[in-house]
Amino acid sequence: MTTKLLIFGISGDLSQRKLLPALQKIVSGGQFDNLEIIGVSRRKLDLHALLSSAGVANLEAQSSIFSMDMANIADYRRLQASISLKQDDQLLIYLSVPPVATRQIVSLLGEAGLNTPNVKLLLEKPFGVDLISAQEMHEHIDRYFTDSQVYRIDHYLAKEMAQNIATFRSGNALFQHVWDNRAIESIEVVSSEVIDIEGRAQFYEQTGALRDVVQGHLMQLLALVLMELPGKLDWDAIPKKRLEALQYLHPADPLRAVRGQYKGYQQEVGNPGSITETFVSVELSSGDPRWQGVPIKLVTGKALDKKTTEIRINFKKTHEAQGDRLVFHIQPDEGVEIDVVAKVPGYEQKLEQRPLSFAYPEDAMLPEAYEQVLVDAIRTRKSLFTTSEEVHASWRVLQPILDAWNTNDTPLFVYTKGETINWPLKNLFE
Ligand code: BG6
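With the working numbering as the guide, the letters of the sequence shown map in order to residues 265 to 694.
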């Protein structure tokens, strides 16, 4: 079986930084020899230069470029005719394009017959800009592709440690017994970045941190923590469980959300009055009886002092001197850590806090999230992709914040690039 992978937006940032390097790793792993990569581009591109700039020149043998006008149906027909699929072959169409372009490309693909059952459509976030636009986008795609053909990418779900959340919970009796509000005091999902918006001014001005990172990435990590576990680990059952967890969340209270912007952002985007947030902290709660009374915080920001994504599960103490935290380190230094109190060796009866940790060996090669995404799409494994229902459930929770922020009266605090923001940011909620 040959897989033909058509990438719309091959010269874009995502493709250069993530997709092409991921493809190179997949190909060099030797398991996917029958993979052909076709880059679709408006401009005539020099294939060698394009691949070299992404550091993947050795993909040249199985790659080609198809130049076309993405608004012209005749070009889609030409594209369709040039891709001849044999009976067992499959075509993966990866849309790495701005959200505004997705709608038209999807309809033209459909009209040109590039939506037959052996075609899979891989979509990048953001899936809409709010609940209504996400629903409209879904209905539009639904006209041309069946749900089983559509792969909505949230690369955080494909991170190795994100996959380990369900594995740890399910595979270790210890966790099963303490996974509810009787034992857990609060949950924090935190993702801080050192990078700023890195020249993505137009995209970021229309998006902001809530849409860019919270709506998809952090809500998905949270769902993995809150969801009911299907008895024995059954990956195919997980999307439905994630959905139920998201559906249990109450609509967010805008008064419990904080937005911030780093100094210098307005100059970077050339908009002196911009109120787009580069930092956000949101407090949520769940209506699931299992999580009643457990505050949940989701926090993300750009241009902070360190790159880290972690989930902190804080346990209720029965006396002051206890260790009380379990941390999933999603990245970097992937692993799991539990604070434990131990006796300091020696004659004294002193105690100290030490980590009990699980980490991968230093030479372990963890696949990049985009490798996993591509491999799973090739193999028709959908558990690490987000469903349209999950997307809608997540927007529904965050919509009150979007509405409140649209009115402009929510304060926007300003922070300096490289600032340390101390978790769990209690002061921001007082
Ligand atoms: C992307 C966002 O989805 O995720 C970026 O658009 C963000 O703004 C990135 O920087 C973070 O991904 P990762 O895998 O580097 O944590």
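Just so it is clear, CB atoms sit at the ideal spot from N, CA and C, and this is done for glycine as well.
Keep in mind it's a predicted model, so treat the numbers as computed, not measured.
Using CA atoms only, rank isn't needed, just tell me which of the options is closest to residue i.
{"i": "G294", "options": "L323, T680, I560 and L356", "result": "L323"}
{"i": "S346", "options": "Y526, L497 and I329", "result": "I329"}
{"i": "H593", "options": "Q586, T674, E403 and P619", "result": "P619"}
{"i": "I602", "options": "V608, G610 and Q586", "result": "Q586"}
{"i": "D667", "options": "M332, G610 and V393", "result": "V393"}
{"i": "V246", "options": "T410, L490, G303 and D352", "result": "Residue 246 is absent from the structure shown; the chain starts at 265 and stops at 694."}
{"i": "K268", "options": "D627, S371, H419 and S348", "result": "S348"}
{"i": "K561", "options": "N578, H312, Q617 and V655", "result": "N578"}
{"i": "Q399", "options": "E683, Y679 and T651", "result": "T651"}
{"i": "P494", "options": "H441, S434 and A473", "result": "S434"}
{"i": "R342", "options": "K350, S331 and D352", "result": "S331"}
For ligand 1, is there any heavy atom lying closer than 7 Å to the beta carbon of residue i?
{"i": "V478", "result": "no"}
{"i": "E457", "result": "yes"}
{"i": "H419", "result": "yes"}
{"i": "T410", "result": "no"}
{"i": "Q595", "result": "yes"}
{"i": "A633", "result": "yes"}
{"i": "T573", "result": "yes"}
Can you check whether the CB of residue j is closer than 8 Å to the CB of residue i?
{"i": "I417", "j": "F649", "result": "yes"}
{"i": "N672", "j": "I539", "result": "yes"}
{"i": "L676", "j": "G524", "result": "yes"}
{"i": "H404", "j": "R367", "result": "yes"}
{"i": "L359", "j": "F296", "result": "no"}
{"i": "Q617", "j": "V605", "result": "yes"}
{"i": "Q354", "j": "N336", "result": "no"}
{"i": "A509", "j": "K681", "result": "no"}
{"i": "A286", "j": "L638", "result": "yes"}
{"i": "Y340", "j": "V370", "result": "no"}
{"i": "L421", "j": "E653", "result": "no"}
{"i": "K384", "j": "V458", "result": "no"}
{"i": "L488", "j": "A447", "result": "no"}
{"i": "G565", "j": "I461", "result": "no"}
{"i": "L745", "j": "L387", "result": "This structure gives no information on residue 745, because the portion of the chain shown stretches from 265 to 694."}
{"i": "E598", "j": "E424", "result": "yes"}
Please go through the same chain and pick out, in chain order, the residues whose beta-carbon is closer than 7 Å to the beta-carbon of residue i, but skip the five residues on each side of it.
{"i": "F693", "result": "Its pLDDT being 41, under 50, F693 is placed unreliably in this model, and the value from its coordinates should be taken loosely. Contacts found: R520 and E547."}
{"i": "L395", "result": "H656, W659, R660 and Q663"}
{"i": "S279", "result": "I271, G273 and S360"}
{"i": "S275", "result": "S305, L309 and L314"}
{"i": "Y634", "result": "K282, L283, A286 and H419"}
Residues in the same chain with beta-carbon distance under 8 Å from residue i, minus the five sequence neighbours each way, listed in chain order, please.
{"i": "W687", "result": "In this prediction, W687 has a pLDDT of 47, which is less than 50 and means its spatial position is unreliable; what the coordinates show is noted afterwards. Counting only Cβ-Cβ distances below 8 Å, and skipping sequence neighbours, we find E452, V454, V563 and R576."}
{"i": "L311", "result": "G303, E324, S327, S328 and I329"}
{"i": "V678", "result": "G524, Q525, Y526 and K527"}
Within the same chain, show all residues whose beta-carbon is closer than 6 Å to that of residue i, passing over the 5 residues directly before and after it, in chain order.
{"i": "T573", "result": "S455, I594 and Q595"}
{"i": "I699", "result": "With the chain covering only 265 through 694, there is no way to say anything about residue 699."}
{"i": "K690", "result": "Legend: pLDDT at K690 = 47, less than 50; position of this residue unreliable, value from coordinates given subsequently. Nothing listed; no residue qualifies."}
| message | What ranges does the beta strand (DSSP E) occupy inside the segment 338-418, keeping only unbroken runs of at least 3 residues that lie completely in it? | response | Runs of the beta strand (DSSP E) inside the segment 338-418: 354-359, 383-388 and 414-417.
| task | Write down every uninterrupted run of the beta strand (DSSP E) in the segment 624-683 whose length is 3 residues or greater and which is fully enclosed by it, in chain order. | result | Runs of the beta strand (DSSP E) inside the segment 624-683: 676-679.
| field | Inside the segment 517-568 only - beta strand (DSSP E) runs reaching at least 3 residues | value | Counting whole runs of 3 or more residues, the segment 517-568 contains the beta strand (DSSP E) stretches 521-526, 543-548 and 560-565.
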